[in-house]
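The block underneath contains the structure these notes are about, expressed in C-alpha cells.
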Ligand code: DC
C-alpha cells in the first residue's frame, strides 16, 4: 500500500507495544521510525552518570540544563548514541526506567528533546512514538493513534522483553514501575500524557500485531481514500 508523506504519531501508556507497532508500520510503509522515549532515556542515563539526579530522584535542574547544551544525543545505526558511544542497552535498564519519568517531567529537558524530535521529523514519512507526539511535538500529524492495554498484560510483555535481553526480571517490580510511570507521565505539569482530541484509541490487550496492522491499514484506506 502506497501512502502519502504523512507523520504518524503513536502515543500511549508505557509498554503498550508502541515501539513494536511503530516499527512494523515503518517497515510496511517504508517510513522512518523514531523512538522519542529513547531520547528521554538517554538524557536520564547522562544525568545519572554525571550526578544530576540522586538516589532519591532529586534533580539538579540548573546544572542539568547547562550540561544539555553540550550533550550530543542522537540516533545511529544501532539505536541511541551519546557521541560515538552506543547507549541502547544501558537506557533499557531498570535503573534508567526508575528515573526517566522524573527527568521527563523537567520542562528544560522537554524543550531539549522536542527540538531534536522536530528536526528529525521535518520531512514527513515518519512514525514517531511517545507520550506527547500528537499533542505537543507534532500537533498537526495527519494520523494519531493512542495506545492502551491492561496493566498486567503490559507488565508481562515488558518482563518478557527484558528476559529475552538476558536481564533479571521480577514481574511485580515491573508492574509497579509501570504504574508509577503511568501516574507521573499523566500528572506532570508540562506536556502530560493525554489523548489528543483527534487521536484514535487502540486497546491491544487481546490483539496480535497482525490484527493491529490491519486495523491501521483500514483506517488509512478510509481516511486517505486509498
Ligand atoms: O516509551 P518509553 O517507555 O521508552 O519512555 C520512557 C519515558 O520517557 C516515559 O516514562 C515517559 C517519557 N516520555 C515522555 O515523557 N514523552 C515522550 N514523548 C516519550 C517518552
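In our numbering, the protein residues as written are 758 to 983. Ideal Cβ positions, reconstructed from N, Cα and C, are used throughout, including at glycine. Nothing here was measured: the structure is a model prediction, and the numbers come from that model.
query                                                                                                                                                                      : result
Using 10 angstroms around the beta-carbon of residue 759, count the other beta-carbons present and answer buried if the total reaches 16, otherwise exposed.               : exposed
Are there 16 or more other CB atoms within 10 angstroms of the CB of residue 797, so buried, or fewer, so exposed?                                                         : buried
On the three-state DSSP scale, how would you describe residue 900?                                                                                                         : strand
Three or more C-beta pairs closer than 8 angstroms, one from the region 902-914 and one from the region 956-965: is that the case here?                                    : yes
By the DSSP assignment, the alpha helix (DSSP H) with residue 924 in it spans what residues?                                                                               : Careful: residue 924 lies outside any alpha helix (DSSP H) and carries neither H nor E.
Out of 909, 943 and 786, which one is the CA nearest neighbour of residue 973?                                                                                             : 786
Near residue 838, what residues of its chain come up, given a Cβ to Cβ distance below 6 angstroms and the 5 sequence neighbours on each side ignored?                      : 831
Can you tell me whether residue 810 sits near ligand 1, meaning its C-beta is under 7 angstroms from at least one heavy atom of the ligand?                                : no
Can you name, in chain order, every residue of its own chain whose Cβ lies under 7 angstroms from the Cβ of residue 899, other than the five neighbours on each side?      : 763 and 764
May I ask you to check if the CB of residue 771 is nearer than 7 angstroms to at least one heavy atom of ligand 1?                                                         : yes
Take residue 893 and list the residues in its own chain whose beta-carbon comes closer than 6 angstroms to its own, dropping the five residues that flank it on each side. : 948
How would you call residue 864, buried or exposed, if buried means at least 16 neighbouring beta carbons within 10 angstroms?                                              : exposed
Quick one: Cα of residue 914 to Cα of residue 920, how far?                                                                                                                : 10 angstroms
Please look up how many angstroms separate the CB atoms of residue 761 and residue 895, rounded, as I've assumed it's under 8 angstroms.                                   : 15 angstroms between Cβ atoms; not a contact.
Check residue 774 in the structure and name its three-state DSSP category.                                                                                                 : coil
With burial defined as no fewer than 16 other Cβ atoms inside 10 Å of the residue's Cβ, what is the status of residue 929: buried or exposed?                              : exposed
In terms of residues, what are the limits of the alpha helix (DSSP H) holding residue 886?                                                                                 : Counting along the chain, residue 886 falls outside any alpha helix (DSSP H), though it belongs to the beta strand (DSSP E) covering 883-887.
What separation, rounded to the nearest whole angstrom, lies between the Cα atoms of residue 769 and residue 841?                                                          : 31 angstroms
With hydrogens ignored, establish whether the beta-carbon of residue 890 is closer than 7 angstroms to any heavy atom of ligand 1.                                         : yes
In chain order, what residues of the same chain lie with their CB nearer than 6 angstroms to the CB of residue 910, ignoring the 5 residues before and after it?           : 962
Is it a yes or a no for the region 800-817 touching the region 773-781, going by three-plus beta-carbon pairs under 8 angstroms?                                           : no
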